[in-house]
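Peer 1:
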Amino acid sequence: MEIAVERVFTKEIVKRAVNLFHVTVEDKPLGDFENYIFKAKGDCGEDYVLRLTHSSHRSKKEVEAELDFLRYVAENGAKVAGPLYSTSRNLVEEIVAEDGTFFFASLFTYAKGEQVKGEESPYWGDAYFEAWGKAIGQLHRLTMNYPKTNHRDTWEEDESGIVNELEDDQVKKIAAVLMDEIKALPVERETFGLMHGDIHPGNFHYDGKELTIFDFDDAAYNYFIHDLAMVLYYSVLFTPWTAEEKTEFARKQLQVLRKGYEYEHRLADSWYESLPLFLRLRDVGLYGTLQKKFKGKDMPDNFRKLSEELYERIISKEAIVNI
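Under UniProt numbering, the sequence shown has 301 at position 301, and the numbering climbs by one with no breaks.
1. With a Cβ-Cβ cutoff of 7 Å, do A40 and L50 count as a contact?
2. Which first and last residues belong to the alpha helix (DSSP H) in which M179 is found?
3. Do you know how far the Cα of I320 is from the Cα of M230?
4. With DSSP as the reference, label L228 as helix, strand or coil.
5. Could you tell me whether the region 12-29 touches the region 85-95, where touching means 3 or more Cβ pairs closer than 8 Å?
6. Buried or exposed: which applies to Q291, given that a residue is buried once 16 or more other Cβ atoms fall within 10 Å of its Cβ?
7. Within the continuous alpha helix (DSSP H) that includes H140, where are the two ends?
8. Any chance you could list the beta strand (DSSP E) runs of at least 3 consecutive residues sitting entirely within the region 45-76, in chain order?
9. Taking the beta strand (DSSP E) that E262 falls in, what are its first and last residues?
10. Below 7 Å CB to CB, which residues in the same chain sit around D158 once its five sequence neighbours on both sides are set aside?
11. Looking at C-alpha atoms only, which residue of W241, D227, A4 and D198 is the closest neighbour of D218?
12. Please name the residue in T87, Q115, P83 and K61 whose C-alpha comes closest to that of Y48.
13. Would you decide whether G208 is buried or exposed? Buried here means 16 or more other CB atoms lie within 10 Å of its CB.
14. Would you please state the rounded distance, in angstroms, between the beta carbons of I182 and H196? I believe it to be under 8 Å.
15. Assuming the contact rule is C-beta atoms closer than 8 Å, I323 and L267 should be a hit. Round their C-beta distance to whole Å, please.
16. Taking 6 Å as the limit between beta carbons, can you name the residues of its chain near R282, skipping five residues before and five after?
17. Would you call the CB atoms of V163 and I314 closer than 7 Å?
18. By how many angstroms is the C-alpha of N150 removed from the C-alpha of S160?
19. Would you please state the rounded distance, in angstroms, between the beta carbons of K61 and F104? I believe it to be under 8 Å.
20. From this set, D301, I136, V187 and S121, which residue's C-alpha is nearest E262's C-alpha?
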């Protein structure tokens with residue numbers, strides 16, 4: 001979390017959020033990278049997730065738009081951790097911080113199943129990859145009928161916000177050319193729409209049969225192929241494999257992923273040819289996010305190593321896998 005946000009995030013903020021949603025929370029957050037995430041419990045011991053979003057990250061209308069989309073897909077059969085109302089019957093509650101900025105509190109159901117942590121998980125394999133593809137395809141099928149909102153960004157607005165803050169001119173230039181290539185792709189109802197945008201294993205649980213997806217904070221208007229690119233990207237990002245091993249795995253994974261996806265929705269073969277563009281764009285986005293999050297702070301060794309790997313690929317204009 002940025003230093004300015006850490007300064008105004010107090011126990012009083014958490015206390016007020018807890019009271020608004022009538023839950024209790026654990027002292028330590030589950031996460032604090034872009035939002036403060038707490039495991040919460042209701043009166044009868046049921047599990048929830050309480051999220052606090054600072055106004056420097058999202059506006060209230062943006063959070064409301066995210067939760068409305070989440071509510072819509074949940075009501076239409078998607079397996080997601082849906083939003084819940086506060087005691088005042090609001091999906092989003094506004095809490096004023098001591099400096100006049102805001103935290104927006106929201107509560108979600110707790111996703112059944114567990115996080116699949118790569119090869120070490122007994123679930124890692126074709127059945128899991130197929131379910132992953134099916135869940136993504138279902139969201140894409142549903143979003144085609146969702147009314148347009150002006151309160152969620154396009155992929156271009158999101159990425160431009162990151163790229164504009166980059167201090168490395170060479171990375172900036174490469175990113176600009178890459179974005180122009182993506183902007184040249186056709187925008188059609190069957191291939192472009194409001195979507196999750198970040199369906200990696202840290203944002204869903206799996207119970208051996210199906211995924212339950214959560215954290216729609218990055219929901220934006222994007223090309224559907226982007227969501228499939230993210231699966232390939234995050235499946236190999238933290239592995240110790242060689243570039244050749246990553247590519248071999250990704251090619252096999254894509255076959256199974258696509259099979260699951262096409263139970264729900266279909267993309268023309270030509271879209272799969274654009275995967276390298278979206279894999280490269282993810283490198284740029286992740287690199288820029290790391291630079292922003294650790295500005296003015298010491299970057300931990302694992303993040304520093306990752307940042308160096310991202311930079312090397314960006315400069316060489318290579319994707320994480322040759323797909």
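Glycine included, each C-beta is placed from N, C-alpha and C at the ideal position.
Peer 2: To lay it out plainly:
1. Residue mapping note: residue 40 aligns to position 40 of the sequence shown, counting from 1. Residue mapping note: residue 50 aligns to position 50 of the sequence shown, counting from 1. Cβ atoms of A40 and L50: closer than 7 Å.
2. The sequence position of residue 179 within the sequence shown is 179, counting from 1. Element bounds for M179: D169 to K183.
3. Counting from 1 along the sequence shown, the entry for residue 230 is found at position 230. Counting from 1 along the sequence shown, the entry for residue 320 is found at position 320. Distance between the alpha carbons of M230 and I320: 11 Å.
4. Position 228 of the sequence shown, counting from 1, holds the residue named residue 228. Correct three-state label for L228: helix.
5. Judged by Cβ distances under 8 Å, the region 12-29 makes contact with the region 85-95, as three or more pairs qualify.
6. Within the sequence shown, the letter at position 291 stands for residue 291. Burial state of Q291 is buried, judged by a 10 Å Cβ sphere holding 16 or more other Cβ atoms.
7. Start at 1 with the first residue of the sequence shown, and residue 140 comes out as number 140. Taken as a continuous stretch (DSSP letters only), the alpha helix (DSSP H) holding H140 covers D126 to T143.
8. Counting only unbroken stretches of 3 or more residues, the beta strand (DSSP E) elements lying wholly within the region 45-76 are 47-54, in sequence order.
9. As a first step, residue 262 must be located in the sequence shown, where it is residue number 262. Boundaries for E262: no beta strand (DSSP E) harbours it, and the DSSP string shows neither H nor E there.
10. Locating residue 158 in the sequence shown gives position 158, where the first residue counts as 1. Excluding positions up to five away in sequence, the list reads A220.
11. By 1-based counting over the sequence shown, the position of residue 218 is 218. Answer by Cα proximity: D198.
12. Reading the sequence shown from its first residue, position 48 is the one you call residue 48. Out of T87, Q115, P83 and K61, P83 has the C-alpha closest to the C-alpha of Y48.
13. For the purposes of this step, residue 208 is taken as residue 208 along the sequence shown, with counting starting at 1. G208 should be labelled exposed.
14. By one-based count along the sequence shown, residue 182 stands at place 182. By one-based count along the sequence shown, residue 196 stands at place 196. Rounded to whole angstroms, the Cβ separation of I182 and H196 is 18 Å, and the two are not in contact under 8 Å.
15. Here the question's residue 323 lines up with position 323 in the sequence shown. Here the question's residue 267 lines up with position 267 in the sequence shown. Actually they are not in contact, since the Cβ atoms of I323 and L267 sit about 14 Å apart, beyond 8 Å.
16. Here residue 282 refers to the residue found at position 282 when the sequence shown is read from its first residue. Y233.
17. Here residue 163 is taken as the residue at index 163 of the sequence shown, counted from 1. Here residue 314 is taken as the residue at index 314 of the sequence shown, counted from 1. Using a Cβ distance threshold of 7 Å, V163 and I314 do not count as a contacting pair.
18. As a position in the sequence shown, residue 160 is number 160, starting the count at 1. As a position in the sequence shown, residue 150 is number 150, starting the count at 1. The C-alpha of N150 is placed about 17 Å away from the C-alpha of S160.
19. Walking along the sequence shown from the start, residue 61 turns up at place 61. Walking along the sequence shown from the start, residue 104 turns up at place 104. The beta carbons of K61 and F104 sit about 10 Å from each other, so the pair does not count as a contact at 8 Å.
20. The residue labelled residue 262 in the question sits at position 262 within the sequence shown. Answer by Cα proximity: I136.
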